[in-house]
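All the letters of the sequence shown, read from the start, carry residue numbers -18 to 299 under the numbering used here. Cβ coordinates follow ideal geometry from the N, Cα and C atoms, glycine included. Just so you know, these numbers come straight off a predicted model, no measurement behind them. Worksheet: the structure to be examined is printed underneath.
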Amino acid sequence: MDKLLEVENLTKVFSFGSLLSRVRITAVDDVSFYIAPAEIFALAGESGCGKSTTARIILGFEHPTSGTIIHSGQVEAKNEKVWFTEGIQAIFQDPFGTFNPLRTVDSYFFETVRNYKLAKGRADAIDLIDRKLKAVGLSYEEFAGKYPSEFSGGQLQRISIARALLTDPKLLIADEPVSMVDASLRMSIVNLFKKLKEEFGVSILYITHDLATAYYMADRIAIMFRGDIVEMGTVEEVLMDPKHPYTQLLRESIPEADPTRRWAGEIKLSDTEQDDYLRQGCRFAGRCPMVMEICRQEAPPDYNVDGVLVKCFLYSNE
Ligand SMILES: Nc1ncnc2c1ncn2[C@@H]1O[C@H](COP(=O)(O)OP(=O)(O)OP(=O)(O)O)[C@@H](O)[C@H]1O
Ligand SMILES: [Mg+2]
């Protein structure tokens, strides 16, 4: 199968504190997954589970402690950032943080066009910018000469997506792209991501707390808990028939709105607990309703349950 991006055995250890009370956190622990061309892959889990760290390593903002990132079958050479900047673009949570309030938004577009030599002259540049804005439902006339404060959060997030599209990226890394957008505008951004995938073949790594939008938008999903991928498969399999006790808990923490099984609301579980990181055996053992003796002694391996990866001893004899 064609793989646009492969993440292999990615691990990131952070250590902090003083010499005497040094704390090490394995923010990402031996994580492997791939993203196919024109695929939306969701990475979901509660706060602090390692989603953004994974994204930052893929973007080249952070070095992994170990592991490999493979782009279209090629391991990224050290200090070689071309693929990162042109082939991958990032969309962040806060669209207002993306743009300086004292600069017109169009200046960012012209800057990107100049930096990557995307156009021959000003008319050519405007034409390109207009095309990318139209792809997100806006136009050049609507935005020329305006400052960030003249747009709503939803519009500004569309604008940051249009800017990311200037270089024709193959992969967008969207870290909580709708969590700060007004709830009423959220679905329009989610639909925009779907359109980018369907019409332009863009792949998206969609990072979220929100299983509802992940279910609606993504093809496959990985559920992370304390640095581990505990379950991974198609959204249909993982979210409609969750196998890992943690996925089941996440799934239950979201009220089912109606019989068509659409979800509302977001996951809100406890914050980072150091105990989970330091725990021997399964990191979820302290909270797992199905915990067994072995879970406290050994870390579970990945089991393949009908094509779904599940990191849980419950499936050891299947
Ligand atoms: N630069 C850093 N130094 C030390 N610890 C860090 C650093 N960056 C992240 N961490 C820790 O690594 C863990 C994972 O953080 P990360 O930001 O990847 O989580 P996340 O899943 O994106 O959470 P959220 O949903 O809140 O954005 C957390 O415990 C966090 O405190
Ligand atoms: Mg994050």
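Spatial neighbours of D163 within its chain, please: C-beta separation below 8 Å, excluding the five flanking residues on both sides.
Taking the first residue of the sequence shown as 1, we reach residue 163 at position 182. These residues qualify, in order along the chain: S133, G134, G135.
Just to confirm my understanding: we take P45, look at its own chain, exclude 5 residues before and 5 after, and list those with CB closer than 7 Å. What are they?
Translated into positions along the sequence shown, residue 45 becomes position 64. Result list for P45: L(-9), T(-8), K(-7), I38, in chain order.
I'd like to check one pair, I202 with A23: are the Cβ atoms closer than 8 Å?
Looking up residue 23 in the sequence shown gives position 42. Looking up residue 202 in the sequence shown gives position 221. Yes, the pair counts as a contact, with Cβ atoms nearer than the cut-off.
Bridge partners for T215 per DSSP, in chain order?
For this step, residue 215 is matched to residue 234 along the sequence shown. In DSSP, T215 forms a bridge with R201.
So what's N(-10) in DSSP terms, helix, strand or just coil?
By one-based count along the sequence shown, residue -10 stands at place 9. Strand, per DSSP.
Indicate whether L290 and I154 have their beta-carbon atoms separated by less than 8 Å.
As a first step, residue 290 must be located in the sequence shown, where it is residue number 309. As a first step, residue 154 must be located in the sequence shown, where it is residue number 173. Not a contact, by the Cβ cut-off of 8 Å.
T189 - partner residues in DSSP beta bridges
Numbered from its first residue, the sequence shown carries residue 189 at position 208. In DSSP, T189 forms a bridge with A25.
How close, in whole Å, do the beta carbons of V12 and T49 come, if the pair is a contact with beta carbons under 8 Å?
For the purposes of this step, residue 12 is taken as residue 31 along the sequence shown, with counting starting at 1. For the purposes of this step, residue 49 is taken as residue 68 along the sequence shown, with counting starting at 1. Not a contact, Cβ separation roughly 11 Å.
Please determine, among S88, S(-4), I51, S184, the residue with the shortest C-alpha to C-alpha distance to D200.
Numbered from its first residue, the sequence shown carries residue 200 at position 219. It is S184 whose Cα lies nearest to the Cα of D200.
Would you mind sorting D(-17) into buried or exposed? The rule is 16 or more other CB atoms within 10 Å of its CB.
Residue numbering aside, residue -17 sits at position 2 when the sequence shown is read from its first letter. Under this definition D(-17) is an exposed residue.
Endpoints, the alpha helix (DSSP H) within which D75 is located:
Stepping through the sequence shown from its first residue, residue 75 is reached at position 94. Element bounds for D75: n/a, residue is neither H nor E.
Does the segment 89 to 97 touch the segment 173 to 189, meaning 3 or more C-beta pairs lie closer than 8 Å?
no
Per DSSP, cross-strand counterpart(s) of T49
For this step, residue 49 is matched to residue 68 along the sequence shown. According to DSSP, which records beta bridges pairwise, T49 is partnered with E(-11).
Residues of its chain near F73, where Cβ-Cβ distance is below 7 Å and the 5 sequence neighbours each way are ignored:
Here residue 73 corresponds to residue number 92 of the sequence shown, with the count starting at 1. Excluding residues within five positions, the ones whose Cβ falls inside 7 Å are T79, D156.
Any non-hydrogen atom of ligand 2 within 7 Å of D75 CB:
Counting from one through the sequence shown, the residue named residue 75 turns up at place 94. D75: no, Cβ never under 7 Å from ligand 2.
Nonlocal neighbours in the same chain, by C-beta distance under 8 Å from Y284, ignoring five residues either side
One-based indexing of the sequence shown puts residue 284 at position 303. Counting only Cβ-Cβ distances below 8 Å, and skipping sequence neighbours, we find L290, V291, K292, C293, Y296, S297, E299.
Which value, in whole angstroms, describes the spacing of the CA atoms of A104 and Y121?
Sequence index remark: in the sequence shown, residue 104 carries index 123 (1-based). Sequence index remark: in the sequence shown, residue 121 carries index 140 (1-based). Their backbone Cα atoms lie some 12 Å apart in a straight line.
Can you give me the C-alpha to C-alpha distance between L114 and A106, rounded to a whole angstrom?
Taking the first residue of the sequence shown as position 1, residue 114 is located at position 133. Taking the first residue of the sequence shown as position 1, residue 106 is located at position 125. Going by the C-alpha atoms only, they are around 12 Å apart.
Measuring straight from C-alpha to C-alpha, what distance separates S130 and R3?
Counting from 1 along the sequence shown, the entry for residue 130 is found at position 149. Counting from 1 along the sequence shown, the entry for residue 3 is found at position 22. Cα to Cα, S130 sits roughly 44 Å from R3.
Would you mind sorting F14 into buried or exposed? The rule is 16 or more other CB atoms within 10 Å of its CB.
Translated into positions along the sequence shown, residue 14 becomes position 33. Its Cβ being crowded by 16 or more others within 10 Å, F14 is buried.
At what residues does the beta strand (DSSP E) containing Y15 begin and finish?
Position 34 of the sequence shown, counting from 1, holds the residue named residue 15. Run containing Y15: 4 to 16, per the beta strand (DSSP E) assignment.
Check whether the Cβ of K32 sits closer than 7 Å to any heavy atom of ligand 2, and report yes or no.
If you number the sequence shown from 1, residue 32 lands on position 51. Yes, ligand 2 has a heavy atom inside 7 Å of this Cβ.
Between A125 and G118, what straight-line distance do the alpha-carbon atoms span, to the nearest angstrom?
Position 144 of the sequence shown, counted from the first residue, corresponds to residue 125. Position 137 of the sequence shown, counted from the first residue, corresponds to residue 118. If you take the alpha carbons of A125 and G118, they lie about 15 Å apart.
Hey, is D108 close to ligand 2, as in C-beta under 7 Å from one of its heavy atoms?
By one-based count along the sequence shown, residue 108 stands at place 127. No; taking the cut-off as 7 Å, the Cβ of D108 has no heavy atom of ligand 2 nearer than that.
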